[in-house]
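First the structure, in the form of structure tokens, and then the observations on it.
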Amino acid sequence: MRYWLMKSEPDEVSFDDVLAAPGQTVAWFGVRNYQARNFMRDAMQVGDGILFYHSSCAVPGVAGIAEVVSGPYPDASQFDSAGKYFDPKATQAQPRWISVDVQAKEKGRYLPLSDMRSMPALEDMVLLQKGSRLSISPVTAAQWNAILETIRAPG
1 MRYWLMKSEP DEVSFDDVLA APGQTVAWFG VRNYQARNFM RDAMQVGDGI LFYHSSCAVP
61 GVAGIAEVVS GPYPDASQFD SAGKYFDPKA TQAQPRWISV DVQAKEKGRY LPLSDMRSMP
121 ALEDMVLLQK GSRLSISPVT AAQWNAILET IRAPG
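For the sequence shown, full-length UniProt numbering gives the first residue as 1, with consecutive numbering after it.
Right under this line is the structure:
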């Protein structure tokens, strides 16, 4: 089992949106970075844990815990010529971008980025490295456990 941090802008898809979705499951769409795409296509597996992270908002942070519940498949948004994720170079025969389905598992306490920066167990986390902007990044088991302990703690 692997662990991932996946960023979503809450005004597009928030963790609460996932909780309200049928089966508490959504397609992870709109990834337009090759390294993040390759993580979904080549490394993610059904059952992997996800830190659902709210980005590009007033208080960025971990909003909940989710799980990968499908294998990779073509991201439909690349074919929508009216959508913001349209890619004119993508074809049905040769799609360029990938989606996976993500299911909400646990909300817990919101963990702001500022709090994450002060946690010694997270000092090597990809998210916290200078210049890191990936929308999907790997998380170690130790980092995963430190975050779970924090979001499950009362208060």
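Yeah, the Cβ is synthetic: ideal placement off N, Cα and C, and Gly gets one too.
DSSP state of residue i mapped onto helix, strand, coil
i	result
A66	strand
D16	helix
A27	strand
Y110	coil
V102	strand
P72	coil
V139	strand
Residues bridged to residue i (per DSSP)
i	result
E50	The sequence as given places Ile at residue 50; Glu does not occur at that position. Beta-bridge pairing links I50 to W4 and A66.
G155	According to DSSP, G155 bridges with nothing at all.
Test item: CB-CB of residue i and residue j under 7 Å
i	j	result
V26	V100	no
S70	E9	no
M1	D42	no
A104	V18	yes
V139	S132	no
G108	I151	yes
Close-in-space but distant-in-sequence residues of the same chain around residue i (CB under 8 Å, 5 per side omitted)
i	result
P60	Y53, H54, P112 and L113
M6	W28, I50, L51, F52, Y53, A66, V102, S135 and I136
M44	R2, W4, V68, P72 and V100
G23	Q103
Test: residue i CB closer than 7 Å to a CB of chain B
i	result
G155	Absent from the structure: chain B. Only one protein chain is present.
Close Cβ partners of residue i (< 7 Å) along its chain, the five nearest in sequence each way excluded
i	result
R37	V31, W97 and I98
F86	Q78 and D80
E106	G64 and I65
Buried or exposed (CB count within 10 angstroms, at least 16 for buried), residue i
i	result
D75	buried
F39	buried
Y3	buried
G64	buried
P88	exposed
Q143	buried
The ligand SAH heavy atom lying under 6 Å from the CB of residue i
i	result
D16	As for the ligand SAH, it is missing from this structure, which has no ligand bound.
Residues of its chain near residue i, where Cβ-Cβ distance is below 6 Å and the 5 sequence neighbours each way are ignored
i	result
M116	L122
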